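Peer 1: To start, I am sharing the structure in question, which I have written as structure tokens.
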Amino acid sequence: MELLPLLLVIFASIFQGSFGLGMKFMAPLKWEAWWLVHSIFSMILIPTAWAFFVTPDLFSVVTGASTTVILTAMAFGALWGVGGIMFGKSVPYIGISLTYGIVMGICSAAGGLIPLFTANEVEYQNMAPALPYILGGVLIMIIGVAITAYAGVQKDKLQAKDKNTTEKINLKAGLIIAILSGLLSAFLAVGFAEGKEIGELAKNAGAIPRNASLSIWVVVLWGGFAVNAIYAIFLLFKNNTWNTFSTPNSGKAYAWAIGAAVLWFGALGIYGQGATLMGKIGDVIAWPIMLGLSLIVGNIWSYMNKEWEGAKKPFNIMLSGVFVIIIAVVVMGYS
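Note that the sequence shown covers residues 4 to 338 in the working numbering.
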């Protein structure tokens, strides 16, 4: 494998680890209003526009795929959407650090292993020599994510103690929801793998191989958008917050919603290019590599925002987790 595909996935992880910054600047918009704007741009407008400019006759390509492939890709996208909603539901029970660690660990492992175990016999035989490195890399990645999650939990406890605050914890409910969220969130990568027929049609239409992957995201994210938009609209009605769209001085919030959308789909678009250039093994190793490295990027942003201030010991634990994740990336990259 050439170095370019791996570099693309690494670059995608920078975008993936950075898009969450926008969620710090939602005010004065309500979450549901901000999220609906973000979803429209990140899941519909930006993916379609990018794919349109690099894929000749995009809409003929998309509609030319078999109904089964289109519906399967959309269904996996919708399952990912449900997983994202469940992520938000888990946070109040067990906190952001533990939720993020569980979801990232399960999502990275499942997103890589499901395409491995669903590969046909020829594909599986082609990947057989790399199998020990793939499985070993995924295992090391899970350990690294678990270490960083533990560091985050210790940081939260230490900072809560310093502020004399207590959080209501419902460990059982939170763990169940977080585990389900991780499994469902992994289906975004599975949907991409299942939509490869669309990518082949794009190449036949004249798109270069790495850009052909963008047409797959157009279909997968239809399903994801449907779930996210329905949930956001439900909350707008439930909370009667439609008027938040016209809140004065909300321009910055709108800008961040769109900026975060550029970063979020930028990550997926570049990831898809790297995974496509890797061949079938890209369906297996690219996803955990991107998520693992994005966790490092997210923690770098957290450090720069002084979120680790006064938590020296947890920070050192986090650094050890980062080291383990880097080892996992090297092992999977070698595969």
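Cβ atoms here follow ideal geometry from the backbone N, Cα and C, with glycine treated the same way.
All values derive from a computational prediction rather than experimental measurement.
Suppose you measure from the CA of Ile109 to the CA of Ser297; what does that come to, to the nearest Å?
Peer 2: So the two alpha carbons sit approximately 15 Å from each other.
Peer 1: Do Gly194 and Phe79 come within 7 Å of each other at the CB atom, strictly closer than that value?
Peer 2: Between Phe79 and Gly194, the C-beta gap is smaller than 7 Å, which places the two residues in contact.
Peer 1: Measure the CB-CB distance between Thr58 and Ser218 and report whether it falls below 7 Å.
Peer 2: yes
Peer 1: Can you name, in chain order, every residue of its own chain whose Cβ lies under 6 Å from the Cβ of Thr169, other than the five neighbours on each side?
Peer 2: Legend: pLDDT at Thr169 = 49, less than 50; position of this residue unreliable, no value from coordinates given.
Peer 1: Contact defined as beta carbons within less than 8 Å: I believe Ile288 pairs with Met335. What is the distance between those atoms, to the nearest angstrom?
Peer 2: 4 Å
Peer 1: I need the boundaries of the alpha helix (DSSP H) containing Trp259, first residue and last residue.
Peer 2: Gly254 to Met281
Peer 1: Cα separation between Val156 and Gly67?
Peer 2: Linking Val156 to Gly67 through their CA atoms gives a straight-line distance of about 48 Å.
Peer 1: Taking C-alpha atoms, which residue in Ile233, Gly20 and Val12 lies nearest to Ile303?
Peer 2: Check the Cα spacing between Ile303 and each of Ile233, Gly20 and Val12: the tightest is with Gly20.
Peer 1: Buried or exposed: where does Ile236 fall if 16 or more other Cβ atoms within 10 Å of its Cβ makes it buried?
Peer 2: exposed
Peer 1: What residue from Leu116, Asn242, Asn231 and Ala131 has the CA that sits closest to Met144's CA?
Peer 2: Leu116
Peer 1: Residues in the same chain with beta-carbon distance under 8 Å from Leu10, minus the five sequence neighbours each way, listed in chain order, please.
Peer 2: Gly277
Peer 1: What do you reckon, are the CB atoms on Ala205 and Val64 nearer than 7 Å?
Peer 2: yes
Peer 1: When you compare only the Cα positions, how much space is there between Ser38 and Gln128?
Peer 2: Note that residue 38 corresponds to Trp in the displayed sequence, not to Ser. C-alpha separation (whole angstroms): 43 Å.
Peer 1: Quick check on Gly108 - is its C-beta less than 7 Å from some C-beta in chain C?
Peer 2: Although the question refers to chain C, the structure presented lacks it and comprises just one protein chain.
Peer 1: Between Glu203 and Ile49, what straight-line distance do the alpha-carbon atoms span, to the nearest angstrom?
Peer 2: Using only the alpha carbons, I get a separation of about 21 Å.
Peer 1: Relative to the C-alpha of Ile178, which candidate in Thr102, Lys158, Val12 and Val221 has its C-alpha closest?
Peer 2: Just to set this straight, residue 178 is Leu in the shown sequence, not Ile. Among Thr102, Lys158, Val12 and Val221, the Cα nearest to that of Leu178 is on Thr102.
Peer 1: So the alpha helix (DSSP H) Thr66 belongs to, where does it begin and stop?
Peer 2: Leu61 to Gly67
Peer 1: Just verifying my parser: in three-state terms, what is the DSSP assignment at Ile303?
Peer 2: Ile303 falls in the helix class under three-state DSSP.
Peer 1: Can you find at least 3 beta carbon pairs, one from the stretch 14–29 and one from the stretch 261–274, that sit closer than 8 Å?
Peer 2: yes
Peer 1: Let me confirm a value: Ile233 is counted as buried when at least 16 other C-beta atoms fall within 10 Å, else exposed. Which label applies?
Peer 2: exposed
Peer 1: Taking DSSP as the reference, what is the three-state secondary structure of Pro251?
Peer 2: The three-state reading of DSSP puts Pro251 in coil, since its state is none of H, G, I, E or B.
Peer 1: Start and end of the alpha helix (DSSP H) containing Leu224?
Peer 2: Pro212 to Lys241
Peer 1: Looking at Val141 and Gly104, is the spacing between their C-beta atoms short of 7 Å?
Peer 2: No, they are not a contact pair.
Peer 1: Please determine, among Phe22, Leu6, Leu24 and Ile47, the residue with the shortest C-alpha to C-alpha distance to Val230.
Peer 2: Ile47
Peer 1: Here's the rule I'm using: 16 or more other beta-carbon atoms within 10 Å means buried, otherwise exposed. How should Trp245 be labelled?
Peer 2: exposed
Peer 1: Give me the Cα-Cα distance between Asn207 and Lys255, rounded to the nearest whole angstrom.
Peer 2: 42 Å
Peer 1: Here's the rule: buried if 16 or more other CB atoms are within 10 angstroms of the residue's CB, otherwise exposed. What is Ser249?
Peer 2: exposed
Peer 1: Kindly indicate which residue of Leu294, Pro118 and Phe326 has the alpha-carbon position closest to the one of Ile284.
Peer 2: Pro118
Peer 1: If we call anything under 7 Å between Cβ atoms a contact, is Leu271 one with Leu187?
Peer 2: no
Peer 1: So which of Ser45, Glu310 and Leu32 has the shortest CA-CA distance to Asp159?
Peer 2: Glu310
Peer 1: Check this for me: beta carbons of Asn77 and Trp225, under 7 Å apart or not?
Peer 2: Position check: residue 77 holds Met in this sequence, whereas Asn was assumed. Yes, the Cβ-Cβ distance between Met77 and Trp225 is below 7 Å.
Peer 1: Within a Cβ cutoff of 8 Å, which residues of the same chain sit near Ile150, ignoring the five residues on either side of it in sequence?
Peer 2: Ile320, Met321, Ser323, Gly324 and Val327
Peer 1: Might you give, ordered along the chain, the residues of its own chain that have their beta carbon closer than 6 Å to the beta carbon of Asp60, omitting 5 neighbours on each side?
Peer 2: Ala208
Peer 1: Between which two residues does the alpha helix (DSSP H) harbouring Thr51 extend?
Peer 2: Ile49 to Val57
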